[in-house]
Amino acid sequence: MQTLWGLILINVLCTYTGHKNSLFFDRYKFHVGRIGQGEKIRLWSSGFLHVDMTHLVFNMFTLYIFGKVVLIQMGPILFLALYFFSLVVGNYFTYRNHKSETHYTAVGASGAVSGIVYASILLFPEMKLALLIFPIPLPGYVFGIGYLMYSLFGMKMNS
22 MQTLWGLILI
32 NVLCTYTGHK
42 NSLFFDRYKF
52 HVGRIGQGEK
62 IRLWSSGFLH
72 VDMTHLVFNM
82 FTLYIFGKVV
92 LIQMGPILFL
102 ALYFFSLVVG
112 NYFTYRNHKS
122 ETHYTAVGAS
132 GAVSGIVYAS
142 ILLFPEMKLA
152 LLIFPIPLPG
162 YVFGIGYLMY
172 SLFGMKMNS
């Protein structure tokens, strides 16, 4: 569980630093034009910044809920490999999708968290979840679809 808590802590600290220091935030956020100019670090660094507390809490809560089962099943090395692979692939997809919009920017761990969410659904397709706001147990894939919709909505709102 230290691996999971470590990722959450890094996300919190980077987001906090970015909110306190706009130069830090601007230097590491996803920016199509800067990535096109060779600043590839932004393909992963932007995944540790979040727009606001709601964005951060939602992503980290989702990571915690789904990440526990994936971490236990895969172990810390494969878990981290999946997390970072999903982060970079998600951001690369975003880059390709917005390549002609050189001023497009984004932040968030949605790509990485999506990889963990879908891995948990693949590992445990019979999984059921219930939240306080929605106490009826639903299949994990329903939350996966909801998370995908949330992520796509966030990308669309940012463009």
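Residues in the sequence shown are numbered from 22 upward in steps of one, following my numbering.
Note that CB positions come from ideal geometry on N, CA and C, so glycine has one too.
Secondary structure, beta strand (DSSP E): runs of 3+ residues fully inside the segment 101-178: Correct list: 149-152 and 155-160.
Who are the Cβ neighbours of Tyr111 in its own chain at under 6 angstroms, not counting the five residues just before and after it? The question names Tyr, yet the displayed sequence has Gly at residue 111. If we look at Gly111 and ignore the five residues flanking it on each side, its Cβ neighbours are Gly132.
For Val90 versus Phe174, is the C-beta distance shorter than 8 angstroms? no
Measure the beta-carbon distance from His119 to Tyr113 and round it to whole angstroms, keeping in mind my assumption that it falls under 8 angstroms. Not quite, the Cβ-Cβ distance comes to about 11 angstroms (not below 8 angstroms), so this is no contact.
Ends of the alpha helix (DSSP H) at Gly57? Val53 to Gly57
Using the three-state DSSP reduction, which class does Ile93 fall into: helix, strand or coil? helix
For Val53, verify whether its CB is less than 7 angstroms away from any heavy atom of the ligand GDP. Of the ligands one can find in the structure shown there are none, so the ligand GDP has no counterpart to examine.
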